[in-house]
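**Q** Handing you a structure now.
Residue numbers (the UniProt record's numbering): 1 to 933.
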């Protein structure tokens, strides 16, 4: 509390009680005295009027005015100090006699409308507050006779006396009493104030001094002390403050000493940390150099190893096409498998190196789940069937068909898990399943399961599975082979996708591996849909010895609306024609555990044809040569196991060549659209392909090789649609679009972005930058047709539904999935609208362009540091060229390098990818030779 606050509190607490008590006592005694004085006046008046009323009885009875006058006049003179006037009234309220003249005798009378009261009354005058009126009745109490001789009744009012009393002296005396009380109150307050002041001076001044001293101590003047003699508690407080100041001074000295010591220690520690940082920096540079050397070594080794291996594998396959003895075929197949295993080991080591360096980038593209998993199963089926194993695939029908993710890595994970299951299983089944775990908005969580009946893994061995270069048992690598990297790569890939992986296994009873991954859903049509309406209601006899495979096939056929009858073997009554039941279709599946002779197969086929005219024979993938023989001899169809749903339904459909697809990709109509289209691309191969695709669909086409030329043409001629490449030298596609929008002729012309750099979010960025739509390379003919129809200004409103164009990589359909081959000619044909000459031209232009790419890459590798613009431009150009030539692996590698270059990675960080690019270029050049002869 401040000095002023303490002073105010002392004064208030001292004066308030005195003031309250003084006021109460003064008011009490003054009020009593006030009332006593008034009562005394009333008593005096009563003492005057009542004797007069008794004495006036006789005079009133005898009507003697003189006698009554002398009586009241005497009383008036005797009490003239308080009596102003005395009047006597008769019973009729008429003035009888008065002691003196009164200006208004009516004010002294009773109310004439009421009888005269029998008791005295007191009344204050309303017109004059200093006047009090007393009235007393004159009663006939004696035995008097009136002048007429009549006897007067006792207690009869003969009249009344009214006295007017003067209260002026009373009021003066009352005011004197109040004044005296106020003087006494003020005297008491003054004495209390004096004592309060003395108390305040004796208490607050020392306290104010102490506050000042404490404030100085707070500011650091620890040598200040409170001096002077104080009394009582104040002296104790003074001693406490002085002791506190002394303790603080000692603590300050000790703390300063500690700070000096800590500062000295910290200085030494910082010097040590600086030395350690220098050592760590040196160690970091050594580690980075070691990592760079390792990466360069792995890339160089990959290049050096892959080149001879590709030669071994390629020429082995060429030799296998020639006439060879059985032993020679066996030897060559062993050589090919060994080379493939060595190539797989090299790939595992490279993938592990990329994962360890954090440089393995995941793609985010739409893909078809069924098609991706069918491809894995089809590739692994020969290995399983060679060992007599049944391999099945079950996909939850609730899983959306189209999802967005990295299909190549999903296939790599499943291939690794399925390959391990096949490797460690001697008999039984390899069951693959994809189950829906949850679906929320556009997020889908899918669990992939691989279950086998192999040797199993003990609990102690399970802990070692996900460690690099280790396997559950040391003897396994000698018996089954392998590097022990597969599961490590699998685990890292799943983790990078944001999922989890696990297993359950019992020794000698099999193992179950599972992993969960969350995908985004995609509404785009990734694969043409089959029209299965002709199959609804048809009867099918399914003969499948394996229960798991039979349940999956039966479910697929039932979903297509067919009536399925299942038998593990041929019906026993097949020999009796009368008991035979015919079916629309018979699907006969043979297990991979049996050895088939031609005679046995002929008998089975004849039994099947006895039940139906439409027999489909499901054979293990190792018996495809037998299938060709049977198709030549009998009117049947053959399909390789494990049976793919799409292929099976295509075989069952009538006139399948015409009715396989609901929506054929060949959407181009015979009549050209009356549109004027401008195509802009700096890559001659891309520009040639776009021109070829547009030539059959629109009437007028203009091509430009750069953005500046496109702006100039747009200022001279009007167009209905403009296809604009994004990455171009001098003027990019976005700038060109902005300038075209400013022209008078094409201000409202839709500009479609065409780019091979289809990273996530690229569509939104380009639309925000001013583009009207988005088309991803490679351009699909039917997607281009949809774009043209959608933006055709001559189409009547309402005649064509608005086409839902997929987001980001929506234009990349099933063909955009990575192919293991170096050159996929079927893909190249599809990307060239099935025109063989155009596909060869595109491939030839790519091959001619590759030496230029090699030269820029070599220049970059010989001058390490920050990547230059020339490398980014050449890689982007190569990326666009690859989109139309059926080289998926080279295209994927270009996309990876371009993404890293755009993130400003150093050349040292992308050296392995550049070496791999050169390696892949050599492969493409070699693989293209047969098509360019």
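Positions of the beta carbon are idealized from the N, C-alpha and C atoms, including for glycine.
1) Alpha carbons only, please: which of 217, 870, 232 and 541 is nearest the one belonging to residue 616?
2) What would DSSP say about residue 791, mapped onto helix, strand or coil?
3) Give the straight-line distance between the Cα atoms of residue 931 and residue 885, rounded to the nearest whole angstrom.
4) Any idea what DSSP makes of residue 136, helix, strand or coil?
5) Report the three-state DSSP secondary structure of residue 627 (helix, strand or coil).
6) With DSSP collapsed to three states, give me the class of residue 679.
7) Over what stretch of residues does the alpha helix (DSSP H) that includes residue 505 continue unbroken?
8) Quick check on DSSP: helix, strand or coil for residue 439?
9) Look at the alpha carbon of residue 638 and the alpha carbon of residue 417, and state the distance between them as a whole number of angstroms.
10) For chain C, find out if any of its Cβ atoms is closer than 9 Å to the Cβ of residue 901; answer yes or no.
11) For residue 738, does the count of other Cβ atoms within 10 angstroms reach 16, so buried, or fall short, so exposed?
12) Does the beta-carbon of residue 448 have 16 or more other beta-carbons within 10 angstroms, so that it is buried, or is it exposed?
13) If you count every other CB in all the chains shown that lies within 10 Å of the CB of residue 263, and 16 or more means buried, which is it?
14) Report the rounded CA-to-CA distance for residue 562 versus residue 536, giving the unit in angstroms.
15) Let me check understanding here. Comparing Cα to Cα, which of 371, 386 and 235 lies closest to residue 210?
16) Between residue 742 and residue 710, what straight-line distance do the alpha-carbon atoms span, to the nearest angstrom?
17) Quick one: what does DSSP say residue 270 is sitting in, helix, strand or coil?
18) Which residue comes first and which comes last in the alpha helix (DSSP H) that contains residue 969?
19) Using the three-state DSSP reduction, which class does residue 724 fall into: helix, strand or coil?
20) Sort out for me which residues DSSP pairs residue 937 with in a bridge.
21) In whole angstroms, what is the alpha-carbon distance linking residue 924 and residue 825?
22) Is the beta carbon of residue 406 sitting closer than 9 Å to the one on residue 365?
23) Return the CA-CA distance between residue 247 and residue 19, expressed in angstroms with no decimal places.
24) Quick check for students: name the residue ranges of the beta strand (DSSP E) that lie wholly in the segment 537 to 620, counting only runs of 3 or more.
25) May I have the straight-line CA-CA distance separating residue 49 from residue 26, to the nearest angstrom?
26) Does the separation of the CB atoms of residue 871 and residue 894 fall below 9 Å?
27) Within 10 angstroms of the Cβ of residue 679, are there 16 or more other Cβ atoms? Answer buried if so, exposed if not.
28) Report back the beta-carbon spacing between residue 903 and residue 846 to the nearest angstrom; my notes put them in contact at under 8 Å.
29) Quick one: what's residue 159 bridged to in DSSP?
30) Quick one: any contact between the segment 620 to 634 and the segment 598 to 607, if contact means 3 or more CB pairs under 8 Å?
31) How many Å lie between residue 505 and residue 830 at the Cα?
32) Rounded to the nearest angstrom, how far is the Cβ of residue 446 from that of residue 399, given a contact under 8 Å?
33) Going by DSSP in three states, residue 393 sits in which element: helix, strand or coil?
34) Name the one or two DSSP bridge partners that residue 510 has.
35) DSSP on residue 30, reduced to helix/strand/coil?
36) What does DSSP give as the partner residue(s) for residue 121 in the beta ladder?
**A** Reading off the structure:
1) 541
2) coil
3) 12 Å
4) strand
5) helix
6) strand
7) That residue, residue 505, is in no alpha helix (DSSP H); its beta strand (DSSP E) goes 500 to 506.
8) strand
9) 29 Å
10) Absent here is chain C; the protein component of the structure consists of one chain.
11) exposed
12) buried
13) exposed
14) 5 Å
15) 235
16) 13 Å
17) helix
18) Given a span of 1 to 933 for the chain in the structure shown, any question on residue 969 remains unanswerable.
19) strand
20) Because the chain in this structure spans residues 1 to 933, residue 937 falls outside the shown range and cannot be described.
21) 12 Å
22) yes
23) 47 Å
24) 539 to 543, 563 to 567, 585 to 589 and 615 to 619
25) 35 Å
26) no
27) buried
28) Incorrect: roughly 26 Å between the Cβ atoms, too far for contact.
29) 90 and 138
30) yes
31) 45 Å
32) 6 Å
33) strand
34) 506
35) helix
36) 135
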